[in-house]
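Scroll down for the structure; my scribbles are underneath it.
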């Protein structure tokens with residue numbers, strides 16, 4: 263933790279100062295800890311910069327923070343940092359060097375000493391203990407966020423963890439300044455030119471490796487299991503959640519955090535699953551005070567039609583969007599959620615970044631990750647979820663109208679919904695933010711709008727009416743039909759055409775909202791035979807994400823559930 267230790271440059275008052283050298287284990291541990299701390303802070307800044315409430319640190323991250331799979335690197339470096347700290351403690355004990363950092367009466371007296379050098383030595387010991395405390399606090403809050411021990415959203419652990427990290431960054435400046443005040447540039451010499459002394463280095467390295475091995479083993483052993491029972495009377499996929507099969511099904515609750523609009527950024531998702539040797543059936547339940555169906559409504563004004571939105575064109579709409587839910591599956595890696603998330607404006611230098619500048623999902627070096635994407639407006643009327651995947655990076659489209667999505671794509675198929683507008687101002691997305699639109703289709707008669715009721719554009723209100731346009735009630739846009747709609751008219755931005763077909767149609771799904779809770783039933787074949795899907799069985803890992811009327815800022819969790827087929 264320290265650049266030099268109190269005992270390394272100790273000398274009698276009044277004697278000529280000598281150029282002291284640190285022992286090799288201390289120097290090696292110092293630089294290892296410094297490197298790991300730097301990686302942890304740099305990757306942590308990138309993660310913190312993605313938060314909706316990000317402040318000044320977003321600007322810092324834009325300049326210094328790395329991009330890519332920084333979540334994985336952040337957790338790996340933090341675990342290694344704690345292991346190195348354990349090695350350092352082992353070294354101090356085995357080498358009988360605990361006195362270097364002991365905060366005893368002598369050190370406390372040194373704080374009041376008239377001798378400046380003695381005061382600075384005592385101050386440095388206090389600073390070491392500040393480092394110990396901050397690293398312990400960062401490790402504890404990080405472990406709680408990673409684990410399933412507490413609800414990290416409810417406890418606001420991310421906020422506490424972030425400010426501890428900022429304090430660690432400040433500690434580095436304080437530590438270097440105090441060392442320079444104590445020994446000047448001799449402090450740098452002490453950690454660059456060590457003396458050879460490896461007597462207990464093996465014990466320290468062994469302690470660090472042992473702690474890392476124990477941590478990995480505990481992580482593997484404590485992944486929670488979802489028992490998927492076999493049933494004869496299978497559930498109906500209707501969102502009613504009253505089927506007998508669900509009454510005895512094993513339930514596991516996942517704590518998610520980090521999403522927009524949710525209370526403290528998160529919500530708990532309760533998962534149940536059963537199978538009949540052919541298909542798997544899932545029931546997901548989560549709390550959401552509002553049923554959000556006002557998906558980018560199209561409003562007619564005196565100047566023409568406009569899309570009601572606050573961030574859609576930068577892929578960061580958090581007001582006028584539908585509720586959504588996603589499931590991710592992997593048979594290969596329990597760290598897949600971390601490895602498939604690549605944060606930053608441009609995670610791959612040779613390819614464009616996402617339009618929202620937040621990052622990309624892709625999975626380059628292992629089989630595809632199966633993603634089921636249910637949308638309350640675009641797929642629920644069809645009784646389906648869109649079967650998607652995270653796979654290798656794709657090349658960008660030549661059209662400036664297409665967003666680049668990295669390795670996120672739908673499975674092959676056709677049908678489904680249609681986005682019911684054309685942008686008046688075409689070209690790069692940045693030019694279309696304030697542009698108007700023209701509906702592709704309008705209701706056949708303005709009276710149809712009465713069925714929707716009053717479209718409430720207050721994102722905090724709950725929507726009751728279906729806000730999508732069935733294909734049988736639609737007519738292609740024409741100026742004559744447009745003239746029959748008065749200013750202020752609101753029409754849906756989604757036209758539901760026909761059921762999704764092909765590989766993309768593997769997942770049946772119906773959601774029902776009541777009394778502040780979503781209940782979502784899903785069904786899929788255990789093995790579809792598709793290269794874009796993950797076969798469901800023992801050892802399949804599952805993650806969930808909740809979108810509360812937000813385009814991309816979903817809640818999430820790091821550790822998966824592991825399926826166990828019964």
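In this note's numbering, the protein residues as written are 263 to 828.
Every residue gets a Cβ at the ideal spot worked out from N, C-alpha and C, and that includes glycine.
Given the structure is predicted, the values throughout are model-derived calculations rather than measurements.
Open item on the list: Using 9 Å as the threshold, is the C-beta distance between residue 601 and residue 316 below it?
Closed with: no
TODO: Spatial neighbours of residue 641 within its chain, please: CB distance less than 8 Å, with the 5 preceding and 5 following residues excluded, ordered by chain position.
DONE: Taken in chain order, the residues that qualify are 635, 647, 648, 678, 679, 762 and 771.
- [ ] Would you kindly report the start and end of the unbroken alpha helix (DSSP H) that includes residue 741?
- [x] 741-744
- [ ] Tell me whether residue 795 sits in a helix, a strand or coil according to DSSP, three-state version.
- [x] coil
Task: Integer Cβ distance of residue 788 from residue 540, believed to fall under 8 Å - done: 6 Å
Open item on the list: Please tell me whether residue 794 and residue 632 are closer than 9 Å, where the distance is taken between their beta carbons.
Closed with: yes
Open item on the list: Going by DSSP in three states, residue 434 sits in which element: helix, strand or coil?
Closed with: Per DSSP, reduced to three states, the secondary structure at residue 434 is helical.
Open item on the list: Which same chain residues end up closer than 6 Å to residue 513 when comparing Cβ atoms and leaving out the 5 residues on each side of it in sequence?
Closed with: 532 and 534
- [ ] Note down, in chain order, each residue of its chain lying with its Cβ closer than 6 Å to the Cβ of residue 344, except the 5 sequence neighbours on either side.
- [x] 401
TODO: Under the assumption that residue 699 contacts residue 568 (Cβ atoms under 8 Å), give the Cβ distance between them as a whole number of angstroms.
DONE: Rounded, the Cβ-Cβ distance is 6 Å, consistent with contact.
- [ ] Could you name the residues that DSSP lists as bridge partners for residue 322?
- [x] Paired residues: none, contrary to the question.
Task: residue 512: first and last residue of the uninterrupted alpha helix (DSSP H) it sits in - done: Segment: none, residue 512 is in no alpha helix (DSSP H) and carries neither H nor E.
TODO: Could you tell me which of 650, 811 and 300 sits nearest to residue 252, measuring between CA atoms?
DONE: Because the chain here runs from 263 to 828, residue 252 falls outside it and cannot be looked at.
Task: Three-state secondary structure (DSSP) of residue 582 - done: coil
- [ ] Can you give me the Cβ contacts of residue 710 inside the same chain, cut-off strictly under 8 Å, excluding the 5 residues immediately before and after it?
- [x] 735
Open item on the list: Using the three-state DSSP reduction, which class does residue 726 fall into: helix, strand or coil?
Closed with: coil
- [ ] For the region 535-583, list the beta strand (DSSP E) runs that are entirely contained and at least 3 residues long, ordered along the chain.
- [x] 541-549, 560-563 and 566-569
Task: residue 670, DSSP secondary structure in three states - done: Note: residue 670 maps to strand in three-state DSSP.
- [ ] Name the residue from 705, 712 and 479 whose alpha carbon lies nearest to the alpha carbon of residue 742.
- [x] 705
Open item on the list: Measuring only the C-alpha atoms, how far is residue 750 from residue 623?
Closed with: Residue 750 and residue 623 have their C-alpha atoms roughly 39 Å apart.
Task: Beta-bridge pairing of residue 446 - partner residues as DSSP gives them - done: None; residue 446 has no bridge partner.
Open item on the list: Within the continuous beta strand (DSSP E) that includes residue 806, where are the two ends?
Closed with: 803-809
Task: Under 9 Å between C-beta atoms of residue 808 and residue 650 - done: no
TODO: Measure the alpha-carbon distance for residue 476 versus residue 820 and round it to whole angstroms.
DONE: 19 Å
Open item on the list: Suppose the cutoff is 8 Å on Cβ atoms and the five residues either side in sequence are ignored; what does the same chain contact list for residue 538 look like?
Closed with: 492, 493, 494 and 496
Open item on the list: Quick check on this structure: which residue in 621, 468 and 584 has the alpha carbon closest to the alpha carbon of residue 523?
Closed with: 584
Open item on the list: When you compare the CB positions of residue 621 and residue 312, do they come within less than 9 Å of one another, or not?
Closed with: Yes, they are a contact pair.
- [ ] Answer with buried or exposed for residue 746, where buried requires no fewer than 16 other C-beta atoms within 10 angstroms of its C-beta.
- [x] exposed
Open item on the list: I need the straight-line Cα distance from residue 339 to residue 618, nearest angstrom please.
Closed with: 27 Å
- [ ] Measure the alpha-carbon distance for residue 224 versus residue 324 and round it to whole angstroms.
- [x] As displayed, the chain neither begins before 263 nor continues past 828, which places residue 224 out of reach and without an answer.
Open item on the list: Once DSSP output is grouped into helix, strand and coil, what is the label at residue 646?
Closed with: strand
- [ ] Indicate whether residue 673 and residue 766 have their beta-carbon atoms separated by less than 9 Å.
- [x] yes
- [ ] From the DSSP output, in three-state form, read off residue 763 for me.
- [x] strand
Open item on the list: Using 9 Å as the threshold, is the C-beta distance between residue 803 and residue 593 below it?
Closed with: yes
TODO: Tell me whether residue 368 is buried or exposed, calling it buried when 16 or more other Cβ atoms sit within 10 Å of its Cβ.
DONE: exposed
Task: residue 547 and residue 780 closer than 9 Å at C-beta - done: yes
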